[in-house]
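K.L.:
Per our numbering, residue 16 is the first one in the sequence shown, and the count goes up by one each step. Beta carbons: idealized from backbone N, C-alpha and C, even for Gly.
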Amino acid sequence: AYVPLGSLEWHGPHIAMGNDTLKIHAVCVRIAKRTGGVVLPPTFWGISTGGQDKTLKREHYSVHVNHAFLLESLYVVIFSELVRIGVKLIVPFCGHTPADQIDIVRIAASRATEHSQSRTLPLSDIDVCWRALGIKEDYVQLAKRAEWELLRKRLGEVFDQGLYGGDHAAYGETSILMHLRPELVDMKRLPVPSEPKGNWWQALGIGGLDPSKATPEAGQRMVERIVEEAAKRVGKELGQL
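#1: Write down every uninterrupted run of the alpha helix (DSSP H) in the stretch 124-197 whose length is 4 residues or greater and which is fully enclosed by it, in chain order.
#2: Can you say whether residue 201 is buried or exposed, counting buried as having 16 or more other CB atoms within 10 angstroms of its CB?
#3: Leaving out the 5 sequence neighbours to the left and right, which residues in its chain are closer than 8 Å to residue 98 when beta-carbon positions are compared?
#4: State the DSSP-derived secondary structure class of residue 58, mapped to helix, strand or coil.
#5: Could you work out which residue in 147, 82, 191 is closest to residue 246 when comparing CA atoms only?
#6: Considering only DSSP beta bridges, list what residue 17 is partnered with.
#7: Determine the extent of the alpha helix (DSSP H) in which residue 240 is found, giving its start and end residues.
#8: Can you list, in chain order, the residues of its chain with a C-beta nearer than 6 Å to that of residue 180? Leave out the 5 residues immediately preceding and following it.
#9: Does the stretch 34-50 come close enough to the stretch 211-219 that 3 or more CB-CB pairs lie under 8 Å?
#10: Taking C-alpha atoms, which residue in 256, 193, 206 lies nearest to residue 238?
#11: Based on DSSP bridge pairs, tell me the residues matched to residue 100.
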């Protein structure tokens, strides 16, 4: 069973609020078509990214559950119910990826299956792409240690290979939503300066590469690789049941 986990977070003036959840639910559906299994309705409740990314100038538009214990308890209940009904492999799939969020999901997954025959495979879109390129660092640990220079370097390497390295409403997420849900993207709302200078989009609360360069074709390539790599990892886990 795939459990899409996201957030109800503002994503710039040009793509839908709650993008993290929308994209990862669509990705899970595509993976399930390859591996079998079911996809649960998406969960929009997640923790704030604001403390980790100073580009989020408009965080007040978002609706978060900034209580780790409450959020962890919610996830434990969801995963435990899947254990109760006999699901053998639970795949919590995060489209919202601040370090605190990933930690909460991993802890909840472990708690819910500790005394059961069920297994969990927590994934995220960023983790899948990093692993596909053989990057050994855990981006969660880099963020927790505030190793921002190395983190940015790795993100750039992933994007250079045409994969999704992780961003906020920038080139990657904009391209992905253009491919998955084009009706939820309006590039006319993105106020590109007549003479763009530097990373002008950061003032809008957008973190990453230039969103005005996004294309649905780039998004399709990113999504297809996420689906392919995630399906491999799920298939391997299923083979061990």
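P.N.:
Here's the rundown:
#1: 140-147, 154-159, 163-175, 186-195
#2: exposed
#3: 105, 127, 128, 131, 133
#4: strand
#5: 147
#6: 54, 106
#7: 231-254
#8: 170, 173, 174
#9: no
#10: 193
#11: None; residue 100 has no bridge partner.
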